[in-house]
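See structure below.
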Amino acid sequence: MTTPRVLLDGLGIGESPRWHDGRLWFCNWGDDEVIALDPDGRAEVVFSEPEVGAHSIDWLPDGRMLIVPKNTDRGRLLRLEPDGSLVPHADLSGLPSGFNEIVVDGRGNVYVNGADFDFLPFLEKAMADGMDTPLHERPDFVPGYIALITPDGRARQVADGIAFPNGMVVSPDNRTLIIAESFAGTLTAFDIAPDGSLSNRRTWADGLGPDGISMDSEGAVWTSVGERDVARVREGGEVLERVELDRGAFACMLGGADGRTLFVVAAEWNPFDPFGGPRTGQVLAMDAPAPRAGWPGH
Numbered sequence: 041m042t043t044p045r046v047l048l049d050g051l052g053i054g055e056s057p058r059w060h061d062g063r064l065w066f067c068n069w070g071d072d073e074v075i076a077l078d079p080d081g082r083a084e085v086v087f088s089e090p091e092v093g094a095h096s097i098d099w100l101p102d103g104r105m106l107i108v109p110k111n112t113d114r115g116r117l118l119r120l121e122p123d124g125s126l127v128p129h130a131d132l133s134g135l136p137s138g139f140n141e142i143v144v145d146g147r148g149n150v151y152v153n154g155a156d157f158d159f160l161p162f163l164e165k166a167m168a169d170g171m172d173t174p175l176h177e178r179p180d181f182v183p184g185y186i187a188l189i190t191p192d193g194r195a196r197q198v199a200d201g202i203a204f205p206n207g208m209v210v211s212p213d214n215r216t217l218i219i220a221e222s223f224a225g226t227l228t229a230f231d232i233a234p235d236g237s238l239s240n241r242r243t244w245a246d247g248l249g250p251d252g253i254s255m256d257s258e259g260a261v262w263t264s265v266g267e268r269d270v271a272r273v274r275e276g277g278e279v280l281e282r283v284e285l286d287r288g289a290f291a292c293m294l295g296g297a298d299g300r301t302l303f304v305v306a307a308e309w310n311p312f313d314p315f316g317g318p319r320t321g322q323v324l325a326m327d328a329p330a331p332r333a334g335w336p337g338h
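Numbers in this note's numbering are just positions in the sequence shown, counted from 1, shifted up by 40.
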């Protein structure tokens, strides 16, 4: 691995990085915008609607972007049409609320996850109580879920009991979904059935601090570890590579022309005022030993 280089700084908090159409796209929390970044560091604001507050993004096979909005009064999952209009994507009335992360697999299935509780007040109370109890074992914790939206627009829940769901990846053969359970420090895997349902839940790797994740062609996953590092991890938990950062890693994404650049969105995290004070958000880039594979990122 090479030393991380700063491609862009002065951001709020970058999240949901995706390699798409030759650029790195990500949500810039705090400024309620989506930025597309060239490999040489030239940035363009491609979506900016404060009343939406783009929280997480991915793309349908036909190129339309899906947006998980921060402001759910506009809808819990939006689709950006070619004419620039935003429309609700599918009937989600039967699903729990609180969408967080999204991934679209190679068959056009959309997986979203979330948990129906207010994260920042929950964390503030846990810190005031002394953090003696693991977050996912607190009595006020609400377990998360994974939901599936198939290409025909039908939506249903396919997994529950997730210890604060975050980033997800789908393997290149569309047969395995891995999700970051951030509060448990675990990457959890499921088998994907032909109809998109999930089964055979199992621990893929633990002892981590996972948030947004990315898979490479050797089946390893890049994820955050601890408070500041990122690591390339093999199934079972073996750490193959580890990179120290000077601030917290919120998500990883493999991309670049050959898929061998690891992009990391990182920032200092202040749970009491996440978007106040100094703007510490950065996009970092470094060479990776194996190219990206699976989804997101195709």
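From the three backbone atoms N, C-alpha and C, an ideal C-beta is built for every residue, glycine too.
- Here proline 336 has Arg58, Asp98 and Val143 as same chain residues with Cβ atoms under 6 Å from its own Cβ, once five neighbours each way along the sequence are excluded.
- Alanine 291 is positioned such that its CB atom lies closer than 7 Å to that of valine 305.
- Only residues of its own chain outside the window of five on either side were considered, and among them Pro44, Arg268, Asp269, Val270, Val304, Ala306 and Leu324 have a CB closer than 8 Å to the CB of leucine 285, listed in chain order.
- Rounded to whole angstroms, arginine 119 and glutamate 73 show a C-alpha spacing of 15 Å.
- Residue Ser88 holds the alpha-carbon nearest to the alpha-carbon of aspartate 71 among Ala328, Arg63 and Ser88.
- Contact check for leucine 132 against arginine 116 passes: the beta carbons are separated by less than 7 Å.
- Taking the CA atoms as reference points, arginine 300 sits about 18 Å from phenylalanine 66.
- The continuous stretches of beta strand (DSSP E) do not include methionine 171, and DSSP gives it neither H nor E.
- Residues of the same chain with a CB within less than 8 Å of the CB of arginine 147, apart from the 5 flanking positions on each side, are Pro191, Asn214 and Gly236 in chain order.
- DSSP places proline 331 in the coil class of the three-state scheme, outside both helix and strand.
- Residue pairing by DSSP places phenylalanine 230 opposite Leu217 in a beta bridge.
- In this structure, DSSP gives serine 222 a helical state, which the three-state scheme calls helix.
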